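Only one structure is covered here, and it is reproduced in the block below.
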Amino acid sequence: MKTKIDEILEKYENIERDSLIPLLQEIQESQGYISEEAIVKTGKKLQIPTSKIYGVATFYNQFRFEPIGKYHIQVCRGTACHVLGSATVLQELESILKIKAGQTTRDGLFSIEVVACIGACGLAPVISINGEFFANVTSEKIREIINNYRSKEINHE
């Protein structure tokens with residue numbers, strides 16, 4: 003059975019090594035992350051050792067190696083957010099969800115991503131959950147926000 007990864011790789015007839023990053027971007031776009039299977043198949047297609055592909059992919063923080071959660075939380079660490087306490091917000095999120103930035107909860111509900119800047123400096127510190135912005139976030143507000151999302155799941159909203 004042909005997978006989405008196979009379909010993407012087949013589109014590239016005479017692909018060269020210099021196409022690795024755009025190829026990984028397309029795979030991540032379709033899967034939400036870059037799986038081990040994708041790395042192995044890409045290595046075979048490009049005739050590159052998987053260790054080299056991992057090396058390139060881990061160099062760039064845009065690539066993920068596990069699926070994101072149903073609720074993908076982006077924590078802004080830009081200057082305004084940093085000055086106004088985004089490090090504390092991140093620590094609180096990691097404590098509540100029992101995961102680190104770049105990880106997904108076991109139930110697949112939440113994932114955390116640290117981003118350089120969301121572009122909402124006037125709302126600092128700010129987080130985004132699936133594109134919905136939460137402004138002037140504090141440790142207390144984080145607990146409330148996460149509890150609201152958990153309630154949505156329980157109530158199937």
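When we follow our numbering, the leftmost residue of the sequence shown carries the number 3, and every step to the right adds one. By construction, the Cβ of each residue, glycine as well, lies at the ideal position given by its N, Cα and C atoms. Bear in mind the structure is a predicted one, so any value in this text is a computation, not a measurement.
Start-end ranges of the beta strand (DSSP E) lying completely within the stretch 30 to 114, minimum 3 residues: 73 to 78
Where the alpha helix (DSSP H) through I156 begins and ends: S141 to I156
Element boundaries [alpha helix (DSSP H), containing I7]: K6 to K13
Exposed unless 16 or more other CB atoms sit within 10 angstroms - verdict on A126: buried
Closer than 7 Å to chain B by CB, I131: Among the chains in the structure shown there is no chain B, since it carries only a single protein chain.
Alpha-carbon spacing of E18 relative to I148, whole angstroms: 44 Å
Straight-line gap, G124 to E142 (C-alpha atoms, nearest Å): 20 Å
Rounded C-alpha distance that separates E115 from V77: 6 Å
Status (buried if at least 16 other CB within 10 Å, exposed otherwise) for G71: buried
Bridge partner(s) assigned by DSSP for I129: V77 and F136
7 Å Cβ cutoff met for I36 and I29: yes
Contact under 7 Å by Cβ, I41 with I75: no
C-alpha gap between E9 and S21, whole angstroms: 16 Å
Proximity below 7 Å, CB of V139 to CB of I129: yes
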